[in-house]
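Colleague: There's a structure below that I have some questions on.
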Amino acid sequence: KHAPHPSPLPEQERGTHVRVRIAPSPTGNLHVGTARTAIFNELFARHNNGSFIIRIEDTDSARSKSEYETSILEGLTWLGISWSEGPDIGGQYGPYRQSERTPEYAKALQTLLDTKKAYRCTCPAKEKSTGDIPVHSCACDKANNTTGVIRLKVTPELVVFTDIIRGEIKVHTNSFGGDFVIARDIHDPLFHLAVVCDDDAMAITHVIRGEDHLHNTIKHILIQRALGYSQPIYAHLPLLLDEQRKKLSKRSGETNVLAYRDMGFLPQTMVNYLALLGWNNGDDREYYTHEELAEAFTLERVQKSGAIFSMIKLSAMNKKYLAELSDDELLVWGLHHYDQKNITVSDTTRLLAALKTELGRFASYDVGGTDLCEAMNWHEKSWMPALSAPSLVWKKSTPEATRSILTDLISLLQELPERDFTKATLEEYVMSWIDTNNHGRGDTLWPMRYALTGREHSPGPFEIAAVIGKEDALRRLTLAHGIL
RNA sequence: GGCUCGUUCGUCUAACGGCUAGGACGUAGCCUUCUCAAGGCUAAAAUAGGGGUUCAAUUCCCCUACGAGCUACCA
């Protein structure tokens, strides 16, 4: 009989304390699909006062890289997801890298070999077949080989388990190809074996992962039974889909979570959006803080069908969160984009003021505001726009009228003291001047705004003038006047 | 091909077996407006098809169609 696995926790606590994990393999950056799985796991753990654990699945040493592990953890940290055990912080069930747990797997493999539930097989690797299912059958299980891969013996039977999200799942072992490989060698386990050993050793109570693992779960249950382990509760999440309704992958578009950060998306946007993709609370509510999600989240309300990851909706949500940012947060957000482009910002006060004028207009840039820096270059001190004379004249005006208005506007603004260069005062002052002199609004405001920004699309002229101040405003207006 | 899962507006989704199938994003129109946005108002837009069960089906059951996932000595 297989000896019970040593557990750092008293036996009675096992199973009562919720313990969930995500197990990314460090073969790439943090994928949005992995991020969503992480979010669901973390929310489930928090909702149930349980533990959320990160385990690095690096049994494929050829493809695993430590910089990817760093990047994955950075992505999770940026999202604001917290874990109580993991490769970076350790924990009482460690180590949390599969490459450091080989002795555990060797022990389990030896047990399976000793109890004849697995055997070594020297047959060549199964060829990929396009037609019928290739069923592995050979005489290796009788040959007592001392070399070769290790296969688990599979007897024909119907395996049934209950998935919290999709109910009873039944798969007959005949359908997946006979005895399957669980290790290349006693010290070189495959994913299936390692997962089962770790989930047991780490006292994982609920395995919450993508639907693409549904068939693997059958294999895992078979290994658990052979090893005498108890079976965790399973919940298979619907997949994240691309526009073609295929599983979201690198070829679908950007899948790296950190790339979304660099595009201008906020972590609260990502968490909120991803959590609502496949889960809802049964009502119309769409906006939740991380805490509110943890409070409300249950696996029973997770959707069964896959959901398309939409940048459009993500952007709409991001706009809303951007508008809620405090000054400090907005500045940090803005500076990140200048850093991305290696642009040094000389005056952060002016940058913040400029960002505030652009708030609510971010949709007019590429998704997430990638060309925001260029659109806002008007805020820099002493910056001079590249103006074109035709653009300076409003569509219903003439160069002559524009020239005359600019002449008067410049002398008008010269009389206004610097401290009155605020949006409200400027607006009141200039608008009443327009009205009393019967200038057209467009005839005045268009050239004023264009002169200050060099752009046909921008925030309003008074907001702009308030940000750049009297000196810059007059310099740019004079420049504009000169080209007509 | 086999196995498994799935199917409500274009998308994300709501609806103890019971109002006119609701909301959000997107789209279109109008208002506002110096521009692009934002904001306000309005509109178009869905229960895949066919059988059952029931007084009553988006909801329960069956079949079909379609879609997806899996089908490695990757994870």
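Heads up: the first sequence runs through residues 180 to 663, numbered per our numbering.
Quick reminder that beta carbons are idealized off the backbone N, C-alpha and C, glycines included.
Note that the structure is a prediction, hence the values are computed from the model and not measured.
Would you mind sorting Ile-260 into buried or exposed? The rule is 16 or more other CB atoms within 10 Å of its CB.
Modeller: The count along the first sequence starts at 1 and reaches residue 260 at position 81. By the neighbour-count rule (16 or more Cβ atoms within 10 Å), Ile-260 is buried.
Colleague: With three or more beta-carbon pairs closer than 8 angstroms as the criterion, would you say the stretch 356-366 touches the stretch 422-432?
Modeller: The stretch 356-366 vs the stretch 422-432: no contact.
Colleague: Hey, quick one: how far does the beta strand (DSSP E) through Val-572 stretch, first residue to last?
Modeller: Mapped onto the first sequence, residue 572 falls at position 393. Premise fails: Val-572 is in no beta strand (DSSP E) and is neither H nor E.
Colleague: Less than 8 angstroms between the C-beta atoms of His-558 and Ala-580, yes or no?
Modeller: Within the first sequence, numbered from 1, the residue matching residue 558 stands at position 379. Within the first sequence, numbered from 1, the residue matching residue 580 stands at position 401. Going by C-beta atoms, His-558 is not nearer than 8 angstroms to Ala-580.
Colleague: Is Ile-487 helix, strand or coil by DSSP?
Modeller: Mapped onto the first sequence, residue 487 falls at position 308. The answer is strand: DSSP assigns Ile-487 an E or B state.
Colleague: Within the chosen definition, does the stretch 385-393 reach the stretch 403-415 through at least 3 CB pairs nearer than 8 angstroms?
Modeller: Counting Cβ pairs under 8 angstroms, three or more are found: they touch.
Colleague: In three-state DSSP terms, what is Leu-255?
Modeller: Counting from 1 along the first sequence, the entry for residue 255 is found at position 76. DSSP places Leu-255 in helix when its eight states are reduced to three.
Colleague: Take the Cβ of Pro-640 as the centre, count every other Cβ of all protein chains shown within 10 Å, and call the residue buried at 16 or more, exposed below.
Modeller: Counting from one through the first sequence, the residue named residue 640 turns up at place 461. So Pro-640 counts as buried.
Colleague: Which one or two residues does DSSP pair with Asp-342 in a beta bridge?
Modeller: As a first step, residue 342 must be located in the first sequence, where it is residue number 163. Answer by DSSP bridge pairing, in chain order: Gly-346, Tyr-413.
Colleague: Using only the alpha-carbon positions, how far apart do Leu-551 and Arg-529 sit?
Modeller: The residue labelled residue 551 in the question sits at position 372 within the first sequence. The residue labelled residue 529 in the question sits at position 350 within the first sequence. Whole-angstrom Cα-Cα distance: 15 angstroms.
Colleague: Run the CB neighbour count on Met-555, radius 10 Å, all protein chains shown included, and call it buried at 16 or more, exposed below.
Modeller: As a first step, residue 555 must be located in the first sequence, where it is residue number 376. Its Cβ being crowded by 16 or more others within 10 Å, Met-555 is buried.
Colleague: To the nearest angstrom, how far is it from the Cα of His-399 to the Cα of Pro-411?
Modeller: Here residue 399 refers to the residue found at position 220 of the first sequence. Here residue 411 refers to the residue found at position 232 of the first sequence. For His-399 and Pro-411, the distance between alpha carbons rounds to 10 angstroms.
Colleague: Which ranges does the alpha helix (DSSP H) cover as unbroken runs of at least 4 residues, wholly within the stretch 412-451, from first to last along the chain?
Modeller: With a minimum length of 4 residues, the continuous alpha helix (DSSP H) runs that stay inside the stretch 412-451 are 436-442.
Colleague: Quick one: is Ile-235 buried, meaning 16 or more other Cβ sit within 10 Å of its Cβ, or exposed?
Modeller: Looking up residue 235 in the first sequence gives position 56. Looking at its Cβ environment, which holds 16 or more other Cβ atoms inside 10 Å, Ile-235 is buried.
Colleague: Under 8 angstroms Cβ to Cβ from Val-338, same chain only, skipping five residues before and after it: list those, please.
Modeller: Here residue 338 corresponds to residue number 159 of the first sequence, with the count starting at 1. Answer for Val-338: Lys-349, Val-350, His-351, Thr-352, Ile-397, Ile-400, Leu-401, listed in chain order.
Colleague: Whole beta strand (DSSP E) runs in the stretch 188-254 with 3 or more residues, listed along the chain?
Modeller: Taking only runs of at least 3 residues, the beta strand (DSSP E) segments lying wholly in the stretch 188-254 are 198-201, 230-233.
Colleague: Which residues does DSSP pair with Arg-330 in a beta bridge?
Modeller: Here the question's residue 330 lines up with position 151 in the first sequence. Note: Arg-330 sits in a beta bridge opposite Tyr-298, Val-360.
Colleague: So, under 8 angstroms CB-CB, Phe-223 and His-385 are touching, yes? Tell me the CB distance rounded to an integer number of Å.
Modeller: Sequence index remark: in the first sequence, residue 223 carries index 44 (1-based). Sequence index remark: in the first sequence, residue 385 carries index 206 (1-based). At roughly 7 angstroms, the Cβ-Cβ gap stays under 8 angstroms, so Phe-223 and His-385 are in contact.
Colleague: Measuring CA to CA, which of Ile-361, Leu-509, Ser-431, Ile-344 is closest to Ser-664?
Modeller: For residue 664 there is no data in the structure shown, the boundaries of the chain being 180 and 663.
Colleague: Are Leu-331 and Ala-373 touching if we call contact CB-CB under 8 angstroms?
Modeller: Counting from one through the first sequence, the residue named residue 331 turns up at place 152. Counting from one through the first sequence, the residue named residue 373 turns up at place 194. In this structure, Ala-373 does not lie closer than 8 angstroms to Leu-331 by Cβ.
Colleague: What residue does the alpha helix (DSSP H) around His-371 start on, and which one ends it?
Modeller: Within the first sequence, residue 371 is the residue found at index 192, counting from 1. Residues 370-380.
Colleague: Counting pairs of beta carbons, one from the stretch 260-271 and one from the stretch 280-292, are three or more of them closer than 8 angstroms?
Modeller: No, because fewer than three Cβ pairs between the stretch 260-271 and the stretch 280-292 fall closer than 8 angstroms, the two stretches do not touch.
Colleague: What did DSSP end up calling Gly-648 once you bin it into helix, strand or coil?
Modeller: Here residue 648 refers to the residue found at position 469 of the first sequence. If DSSP states are grouped into helix, strand and coil, Gly-648 belongs with the helices.
Colleague: Starting from Ile-383, follow the beta strand (DSSP E) in both directions and report where the run begins and ends.
Modeller: Along the first sequence, read from residue 1 onward, the residue named residue 383 stands at position 204. Run containing Ile-383: none; DSSP gives neither H nor E here.
Colleague: May I ask whether a heavy atom of the ligand PLP can be found less than 7 angstroms away from the beta carbon of Tyr-466?
Modeller: The ligand PLP is absent from the structure shown, which contains no ligand whatsoever.
Colleague: Mind checking who Asp-507 pairs with in its DSSP beta bridge?
Modeller: Counting from one through the first sequence, the residue named residue 507 turns up at place 328. Asp-507 is not bridged to any residue.
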